[in-house]
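What follows is a set of notes on a single structure, which appears directly below.
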Amino acid sequence: MAKPMLFTQHALDAVAERQLDPVWVELTVFEPHWQEADPGNPDVIRRFRAIPERGGRYLRVALVETSAEIRILSAFLDRRARPK
Numbered sequence: 020m021a022k023p024m025l026f027t028q029h030a031l032d033a034v035a036e037r038q039l040d041p042v043w044v045e046l047t048v049f050e051p052h053w054q055e056a057d058p059g060n061p062d063v064i065r066r067f068r069a070i071p072e073r074g075g076r077y078l079r080v081a082l083v084e085t086s087a088e089i090r091i092l093s094a095f096l097d098r099r100a101r102p103k
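Here's what the structure looks like:
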């Protein structure tokens, strides 16, 4: 069973303002094309996934994962993201 995803207020605002489908966020969290550590905070993970509905641009979801939950910090289409 998947861990629950909890959105910070910032993440909720970002998804709404950027007109991101929450399903895209969920797919990026649970089925990323790749992930990397955030260089500014080792507790934060960045997960990426191409979004065909947005011309194949990559959605970046920043999150903190614990044994009990996945807390979504932010989400946006990253113009500079490239698969590693």
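Per this note's numbering, the sequence shown runs over residues 20 to 103. From the three backbone atoms N, C-alpha and C, an ideal C-beta is built for every residue, glycine too. Predicted model only: the values in this text are computed from it and were never measured.
In the DSSP output, what is residue i paired with across the bridge?
i, result
"R90", "L25, V83"
"Q38", "Partner(s): none; Q38 has no beta bridge."
"R66", "Q54, V80"
Using a 10 Å radius around the Cβ and a threshold of 16 neighbouring Cβ atoms, would you call residue i buried or exposed?
i, result
"A81", "buried"
"R98", "exposed"
Are the CB atoms of residue j and residue i within a distance shorter than 7 Å?
i, j, result
"L25", "R90", "yes"
"L78", "L96", "yes"
"V42", "D62", "no"
"L104", "A100", "Nothing about residue 104 can be read from this structure; the chain reaches only from 20 to 103."
"L46", "R68", "yes"
Assuming residue i contacts residue j (C-beta within less than 8 Å), just tell me the rounded distance between them.
i, j, result
"E88", "K22", "5 Å"
Next item on the list: Taking 8 Å as the threshold, find out whether the region 27-34 comes into contact with the region 49-58 through three or more Cβ pairs.
Entry: The region 27-34, when compared against the region 49-58, does not touch it at the 8 Å Cβ threshold.
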